[in-house]
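S.K.: Mind the numbering: the sequence shown is residues 7 to 354 in my numbering, read in order.
Take this structure, written in C-alpha cells, and hold onto it; I'll ask about it next.
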Amino acid sequence: NKGDVSFFHKSNGVRPKNLNHSHKRESKKHGQKMGKNEKTAKELLGELYSDREYLEKLLQDEDLIKGKIRTGERVQDLIVGCISYLDTRTAFWQQQKPIYARQRDRKLMQQQWNRVLHKPPSDPTRYVLNSLEEIDTALSVGNTESGLKKARELMKAVKEWSEEVLPNKREVLGNLHSCIGNALMDLGNMDKALHHHEKDLELAKKGNLMDSKSRALDNIGRVYARIGKFQQAIEVWEEKLPLVCGGLEKAWLFHEIGRCYLELKRYSEARDYGSRSLIAADDISDEKWQLNASVLMAQAELKLGNYKACVLHFEGALDRAKLLQDDSASEAIQKLSENIVYILGQCK
C-alpha cells in the first residue's frame, strides 16, 4: 500500500519542511555520510541506529517512495526527513556531553587552583597552572591532539616531582587523567579513555576528593554510554547522584540516566528520570534542559503507548523550543507530534 505509514511507528522520526532534492541525490548523500560517521552514529543512536538502516532500505523501494500519505505529503520526503532527524540527533549527542563536561571540569580546576594561588607560587606550581590552562584551551577549541600531547608531557613531568615541590600533586594527576580521558573520547579511543577516567577516580578516592570523584564518575558513565553499555553507565551515574549539588548538573545527569533507560527499553524508568530532569531544569529556569527533558518524557510515553501524554509532552517541548528560537527543533517536534495525532486518528 503506497499510502501506508506503518513504518513511521518504527522510526519515531520526524521530517523538517519539504525537501526538494531528488531521491538519487539524497540516497547518495546519506550513503556518503554513513561511510564517514557510521561508527559514531552507531554509538550515539543506540537502538535507533537500526531504525536508520531500515529507513535507508525503504529509500531503495522505488514504488514506495513514489506514493503519498493522506495529507498529500510524499513518502520519499517523509523518509528523508526521518533520516535527517536521526542525523541531527547524532550530532546533538556527540556535541552536548563534551561541552557540558568541559565546563564542569574547568570550574573544578579553577576551584582547586584558587586554593594554591593564595600562597606565593613556586616555579613548578606556576608552570603546572599555565600548562593546565593551555591544555584546557586546546581541548575547548577542538585542538584535541595538541591538548592530548601537552597533557601527556605535563603528566610525565609531574610524576617526577615530590609533594613537597607540588603540594596538590594528586589533584593535578587526577586532572590530567581526566583531560587525557576526554581527549581520547573525542578521538574515539574508548578503552584508553576509560582507563584514564578510572585512574582519576582511584586518585580521588585515595585523597578523599569529592569533587574529583564526582567528575571521574561522570566521565566513566559517559564512556559506558558511548559504547552502548547503558546498564554500567546507569550504575556509575547513580553512584554519582549524592555528590551532585548544582541544578544544571542534576538536570543533565537525570536526563542522561533516563536516556540510558530508554535505550534499555525500560520506559517507565526513562519517564521517571525525565520527570526528575524536568523538575531540576524548572528549578533553575533552564529552557534548554526543560526542552530536552520534555522530549525524553514524550519518547518514553510513546514507547509505553500513552499517546495523549506523549503529545502533551511534545507540545511542552515545542513551546520551549520556540522560546529558545530553535527553529529546527520546533519544526522537528511539531512534525512528530502531528504524525502521532494522525496515527491516533487512523487507529480509531
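Backbone N, C-alpha and C fix where the C-beta goes; we use that ideal spot for every residue, glycine too.
1. Tell me whether Asp-206 is buried or exposed, calling it buried when 16 or more other Cβ atoms sit within 10 Å of its Cβ.
2. Going by C-alpha to C-alpha distance, which of Leu-329, Phe-320, Asn-136 sits closest to Ala-338?
3. So, using beta-carbon positions, are Gly-264 and Ser-300 closer together than 8 Å?
4. To the nearest angstrom, report how far apart Arg-132 and Asp-278 are at their CA atoms.
5. Extract the residue ranges of the alpha helix (DSSP H) inside the region 262-348, only unbroken runs of 4 or more that lie entirely within it.
6. By the three-class DSSP mapping on this structure, what secondary structure does Val-178 have?
7. Answer yes or no: do Lys-211 and Lys-219 have a C-beta to C-beta separation smaller than 8 Å?
8. Please list the terminal residues of the continuous alpha helix (DSSP H) segment that includes Trp-243.
9. How is the alpha helix (DSSP H) around Val-164 delimited, first residue to last?
10. First and last residue of the alpha helix (DSSP H) that includes Glu-170?
11. By a C-beta neighbour count over all protein chains shown, 10 Å radius and 16 as the cutoff for buried, is Cys-251 buried or exposed?
12. Note the first and the last residue of the continuous alpha helix (DSSP H) segment covering Leu-138.
13. Could you compute how far the alpha carbon of Glu-170 sits from the alpha carbon of Val-134?
14. Please work out which residues of its chain come closer than 6 Å, Cβ to Cβ, to Ile-240, disregarding the five sequence neighbours upstream and downstream, and give them in chain order.
15. Using a Cβ-Cβ cut-off of 7 Å (strictly less than) and excluding sequence neighbours within five positions of Glu-293, which residues of its own chain qualify?
16. I need the straight-line Cα distance from Asp-333 to Ile-186, nearest angstrom please.
17. Determine, using beta carbons only, whether Asp-224 and Lys-246 come nearer to each other than 8 Å.
18. Between which residues of its own chain and Leu-200 is the CB-CB distance below 6 Å, once the five residues before and five after are set aside?
19. Are the beta-carbon atoms belonging to Leu-154 and Asn-181 less than 8 Å from one another?
20. Please state whether DSSP places Ile-233 in a helix, a strand or coil.
21. Would DSSP call Asn-195 helix, strand or coil?
22. Using DSSP with H/G/I as helix, E/B as strand and the rest coil, what is Ala-257?
23. In the structure shown, what three-state DSSP assignment does Cys-185 receive?
24. Give a yes or no on whether the C-beta atoms belonging to Tyr-273 and Ala-306 are separated by under 8 Å.
25. Round the Cβ separation of Asn-298 and His-261 to the nearest angstrom and send it over; I've been treating them as touching at under 8 Å.
26. Give me the residue from Glu-151, Leu-215, Ala-335 with the minimum Cα distance to Asn-195.
27. So for Asn-214, helix, strand or coil by DSSP?
28. Just mark Val-317 as buried or exposed, buried being the case when its beta carbon has 16 or more other beta carbons within 10 Å.
29. How is Gly-252 classed by DSSP in three states: helix, strand or coil?
30. CB of Asp-142 to nearest heavy atom of the ligand MG: below 7 Å?
31. Looking only at C-alpha atoms, which of Asn-188, Asn-174, Gly-253 sits nearest to Ile-141?
M.R.: Working from what's here:
1. The residue labelled residue 206 in the question sits at position 200 within the sequence shown. Label assigned to Asp-206: buried.
2. For the purposes of this step, residue 338 is taken as residue 332 along the sequence shown, with counting starting at 1. Considering only alpha carbons, the answer is Phe-320.
3. Numbered from 1 along the sequence shown, position 258 holds the residue referred to as residue 264. Numbered from 1 along the sequence shown, position 294 holds the residue referred to as residue 300. Not closer than 8 Å, so no.
4. Indexing the sequence shown from 1 puts residue 132 at position 126. Indexing the sequence shown from 1 puts residue 278 at position 272. Rounded to whole angstroms, the gap between the alpha carbons of Arg-132 and Asp-278 is 47 Å.
5. Uninterrupted alpha helix (DSSP H) stretches at least 4 residues long and entirely within the region 262-348 occur at 273-289, 293-310, 313-329, given in chain order.
6. The count along the sequence shown starts at 1 and reaches residue 178 at position 172. DSSP, read as helix, strand or coil, puts Val-178 in helix.
7. Taking the first residue of the sequence shown as position 1, residue 211 is located at position 205. Taking the first residue of the sequence shown as position 1, residue 219 is located at position 213. It is a contact, given that the beta carbons lie within the stated cut-off.
8. Working through the sequence shown from its first residue, we reach residue 243 at position 237. Looking at the DSSP string, the run of the alpha helix (DSSP H) that includes Trp-243 is 236-246.
9. Counting from 1 along the sequence shown, the entry for residue 164 is found at position 158. Run containing Val-164: 150-165, per the alpha helix (DSSP H) assignment.
10. Your numbering for residue 170 matches position 164 in the sequence shown. Glu-170 -> no alpha helix (DSSP H), and no H or E assigned at all.
11. Here residue 251 refers to the residue found at position 245 of the sequence shown. With fewer than 16 other Cβ atoms from the protein chains shown falling within 10 Å of its own Cβ, Cys-251 counts as exposed.
12. Position 132 of the sequence shown, counting from 1, holds the residue named residue 138. From DSSP, the alpha helix (DSSP H) with Leu-138 extends over 129-146.
13. Counted from its first residue, the sequence shown places residue 170 at position 164. Counted from its first residue, the sequence shown places residue 134 at position 128. One C-alpha to the other measures close to 14 Å.
14. Taking the first residue of the sequence shown as position 1, residue 240 is located at position 234. Ile-263, Cys-266.
15. Within the sequence shown, the letter at position 287 stands for residue 293. The residues are Arg-326, Leu-329, Leu-330.
16. Looking up residue 333 in the sequence shown gives position 327. Looking up residue 186 in the sequence shown gives position 180. Straight through space, the alpha carbons of Ile-186 and Asp-333 are spaced by roughly 36 Å.
17. Indexing the sequence shown from 1 puts residue 224 at position 218. Indexing the sequence shown from 1 puts residue 246 at position 240. A distance below 8 Å separates the beta carbons of Asp-224 and Lys-246.
18. For this step, residue 200 is matched to residue 194 along the sequence shown. Correct list, in chain order: Val-229.
19. By 1-based counting over the sequence shown, the position of residue 154 is 148. By 1-based counting over the sequence shown, the position of residue 181 is 175. Judged by their CB atoms, Leu-154 and Asn-181 are not nearer to each other than the 8 Å cut-off.
20. Indexing the sequence shown from 1 puts residue 233 at position 227. Note: Ile-233 maps to coil in three-state DSSP.
21. Walking along the sequence shown from the start, residue 195 turns up at place 189. DSSP, reduced to helix, strand and coil, places Asn-195 outside both helices and strands of the structure shown, so it counts as coil.
22. Along the sequence shown, one-based indexing puts residue 257 at 251. Three-state result, Ala-257: helix.
23. Counted from its first residue, the sequence shown places residue 185 at position 179. Look at Cys-185 here: in three-state DSSP terms it is helix.
24. Position 267 of the sequence shown, counting from 1, holds the residue named residue 273. Position 300 of the sequence shown, counting from 1, holds the residue named residue 306. Cβ distance < 8 Å, so Tyr-273 and Ala-306 count as in contact.
25. Here the question's residue 298 lines up with position 292 in the sequence shown. Here the question's residue 261 lines up with position 255 in the sequence shown. Asn-298 to His-261, Cβ: 6 Å. Contact.
26. Start at 1 with the first residue of the sequence shown, and residue 195 comes out as number 189. If we check each option's Cα against that of Asn-195, Glu-151 comes out closest.
27. As a first step, residue 214 must be located in the sequence shown, where it is residue number 208. In the displayed model, Asn-214 falls within coil according to three-state DSSP, outside both helix and strand.
28. Here residue 317 is taken as the residue at index 311 of the sequence shown, counted from 1. Buried: at least 16 other Cβ atoms inside 10 Å.
29. What you label residue 252 is simply residue 246 of the sequence shown in a count that begins at 1. Of the three classes helix, strand and coil, the one that applies to Gly-252 here is coil, per DSSP.
30. Among the ligands in the structure shown, none appear at all, so the ligand MG cannot be discussed.
31. To locate residue 141, count along the sequence shown from 1; it is residue 135. Of Asn-188, Asn-174, Gly-253, the residue nearest in Cα terms is Asn-188.
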